[in-house]
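Numbering (the numbering used here), first residue to last: 35 to 490. We put the beta carbon where it would ideally sit given N, CA and C, even for glycine. Here the structure is a predicted model, which is why all the values come from computation and not from measurement.
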Amino acid sequence: MQVNRILIKDAAYVITMDEKRRIISGGSILIENDRIAAVDKTIDVSQVDVDSVIEAKDMVITPGFINGHCHISYAHATRGIFPDDLGDDYLVNVFRLQDSMTADEELWTSLLAITELLSYGTTTIMDPGSTKSVDVCLDAYERSGIRMITGVQLTDTGNPYRMTVYSHDQALRVTESFISQYNGALDGRLYAWAMPFSPEYVAGELLGELKVLSDQFNVGCTLHVNKAGSSMPDGIDEPPIIALERYGFVGSNVTLAHCVGLSDEEINCLASTNTALITCPTNVVKNGGGYGQNFPLAELIKAKVRVGIGTDAGNNSNLLETNRAMYLAAVLIKDATGDPAQIPAEKALELATIDGAKALGLESQIGSLEVGKKADIVMYDTLRPEWQSLFNPVNSLVYNADGRSVKTVLVDGRVLIEDYVPRFVDTEKLIRRVQAFGSDMMKRNNVSFPPKWPMI
Ligand SMILES: [Zn+2]
């Protein structure tokens with residue numbers, strides 16, 4: 035088999051996120067096909083053919099960021115339309131617009147979200163089942179080259195959100211056939227999981243059986259938990275995580291999303307069952323959820339619960355930049371506790387990389403720059419004002435830089451973003467197309483939220 039080699043040479047710093055958390059100044063990386071073959075201060079390539087060399091002077095290099103919860107198929111088309119005071123009507127309108135989307139609209143809207151994510155340094159995402167036409171959107175996943183987890187969003191009870199309601203047996207069948215068809219597709223970059231929506235709209239018995247199904251197929255499963263701490267999903271007075279344990283929907287291949295309001299009892303349950311969770315601070319703060327007061331990030335880390343970060347959707351967080359979510363995770367607990375030592379920069383960067391990989395069960399493949407792992411690599415150009423002065427690349431990345439400085443991005447050893455430009459799409463054409471979709475979706479659904487100031 036022919037080996038394609040890329041040498042990334044002489045970076046200012048390579049932040050490896052390996053076991054020892056080595057930061058290599060003047061570091062280089064050798065890639066062979068889709069994997070990292072060497073990461074070191076100097077790499078001897080005199081005995082091998084190198085197909086291309088990427089000069090990395092003044093670059094800080096990290097593993098690709100991992101966004102463990104972001105809906106990509108609908109939000110970009112009507113992003114930013116919702117006023118801050120919409121209240122409970124917000125979700126109903128979101129789902130109404132989404133429900134009306136054609137497969138073609140989903141495809142290009144997904145590609146725009148992926149373009150944003152990759153451009154700002156996110157190389158792996160979990161789309162939690164809300165894409166209706168994965169068969170069509172596969173084209174966006176394939177042409178962009180992103181690594182992603184997806185599935186079919188399941189409910190088995192009536193809901194105000196127009197989500198498809200499946201019978202118990204249908205839900206199992208649909209999930210089984212989706213996993214059989216898609217898990218491992220796109221040269222292994224596509225992972226298919228079981229994706230029930232939330233404990234409010236999926237019966238406990240079905241949740242338990244979906245977990246068993248996931249075990250059988252050796253894949254993961256995910257679930258929104260929006261009201262941790264106190265709610266009663268099936269009318270029994272127990273918090274959701276405890277109910278999930280009773281249903282059997284906990285364990286090493288379960289990744290829950292959100293979980294604001296967790297009680298100590300629930301944290302202990304997550305820890306003892308090795309259940310992971312994804313926190314989405316951008317969503318919580320925009321909705322006035324009191325992140326620092328209500329999300330026990332420090333306690334979860336102390337209890338050794340696997341935690342990663344996500345951004346939820348582009349119309350409730352309004353941004354999908356994992357870097358900004360990482361920043362919020364770093365600062366909000368400090369702010370709420372008055373203790374600047376909480377969630378240090380190093381921990382925040384772990385959440386976006388190796389911890390995120392662990393929360394998705396993918397740490398043997400991604401999350402750090404180590405020999406044998408997938409070559410999912412982000413290169414930040416530090417010759418920019420926000421990176422200067424540069425003495426501690428972790429502090430600078432977490433607290434002062436963001437996705438604007440992402441210059442080059444590789445996934446599976448393929449260059450997807452080069453000199454700030456996506457290689458896989460004409461971005462301007464894509465933007466104009468999705469803007470037109472949004473106008474049309476609002477018109478045909480009679481949805482309109484004009485800006486509050488006069489637009490003349
Ligand atoms: Zn979600």
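Closest in C-alpha terms to Val79, from the list Thr112, Ala109, Glu53, Arg39, comes Arg39. Gly447 and Gly114 have their C-alpha atoms spaced approximately 35 Å apart. Note on geometry: alpha-carbon atoms of Glu140 and Lys408 lie some 28 Å from one another. Between Leu431 and Asp92, the C-beta gap is not smaller than 8 Å, which leaves the two residues out of contact.
Between the alpha carbons of Leu41 and Val87 lies a gap of roughly 5 Å. The closest heavy atom of ligand 1 lies 7 Å or more from the beta carbon of Ala228.
In this structure, Asn328 and Val294 form a Cβ contact; the two beta carbons are roughly 5 Å apart against a cut-off of 8 Å.
Assigned with DSSP and collapsed to three states, Gln81 falls in coil, not helix or strand. If you look at Asn101, you'll find it isn't in any alpha helix (DSSP H); it sits in the beta strand (DSSP E) that goes 99 to 101. Sorted by position in the chain, His103, His105, Pro162, His258, Ala291, Asp346 make up the residues whose C-beta lies under 6 Å from a heavy atom of ligand 1. Counting only residues of its own chain and dropping the five nearest sequence neighbours on each side, Tyr414 has a CB closer than 8 Å to the CB of Met93, Val94, Ile95, Thr96, Gly155, Trp421, Leu431, Ala435, Ser439, Val440, Lys441.
Two segments are said to touch when three or more pairs of C-beta atoms, one from each, lie closer than 8 Å; by this definition the segment 98 to 111 does not touch the segment 55 to 63.
Straight-line measurement puts the Cα of Ile63 at about 6 Å from the Cα of Ala72. Spatial neighbours of Thr461 in its own chain (CB-CB distance under 7 Å, excluding positions within 5 residues in sequence) are listed in chain order as Thr149. Look at Val481 here: in three-state DSSP terms it is coil, with no helix or strand label. When DSSP states are grouped into helix, strand and coil, Ser107 belongs to the coil group. DSSP, read as helix, strand or coil, puts Pro162 in coil. Met182 has its alpha-carbon roughly 22 Å from the corresponding atom of Ala382. Cβ contact annotation for Gly406 (same chain, cutoff 8 Å, sequence separation greater than five): Arg69, Ile70, in chain order.
The residue among Asp203, Val236, Ile213 with its C-alpha nearest the C-alpha of Gly254 is Ile213.
When the beta-carbon positions are compared, Glu404 and Thr50 come within less than 8 Å of each other. Within the same chain, and ignoring the five residues on either side of Ala46 in sequence, the residues whose Cβ sits closer than 8 Å to its Cβ are Ser59, Gly60, Ala90, Lys91, Asp92, Met93, Val94, Thr416, Leu424, Pro427. For the options Met475, Asp83, Ala386, Gly263, the alpha carbon positioned closest to that of Glu66 is the one of Asp83. In this structure, the straight-line span from the alpha carbon of Ala174 to that of Asp85 is close to 27 Å.
Under the 8 Å Cβ criterion, the segment 340 to 348 counts as touching the segment 311 to 323, having at least three qualifying pairs.
In this structure, the straight-line span from the alpha carbon of Leu450 to that of Gly437 is close to 15 Å. Contact between Thr356 and Asn101 holds: their C-beta atoms lie close to 5 Å from each other, under 8 Å. Given a length threshold of 4 residues, each whole run of the alpha helix (DSSP H) inside the segment 177 to 240 is given here in chain order: 202 to 216. Per DSSP, the continuous beta strand (DSSP E) segment holding Ala71 begins and ends at 69 to 74. DSSP links Thr256 through a beta bridge to Thr289. Ile377 and Lys368 have their alpha carbons spaced roughly 7 Å apart. For Ala364, the CB contacts under 8 Å within the same chain, skipping 5 residues up- and downstream, are Ile377, Pro378, Ala379, Lys381, Ala382, Val432, Tyr433 in chain order. Ranked by Cα distance from Gly322, the options Ile159, Thr184, Leu146, Ser351 are led by Ser351.
From the listed residues Ile388, Gly242, Leu152, Thr198, the smallest Cα separation to Glu53 is found for Ile388.
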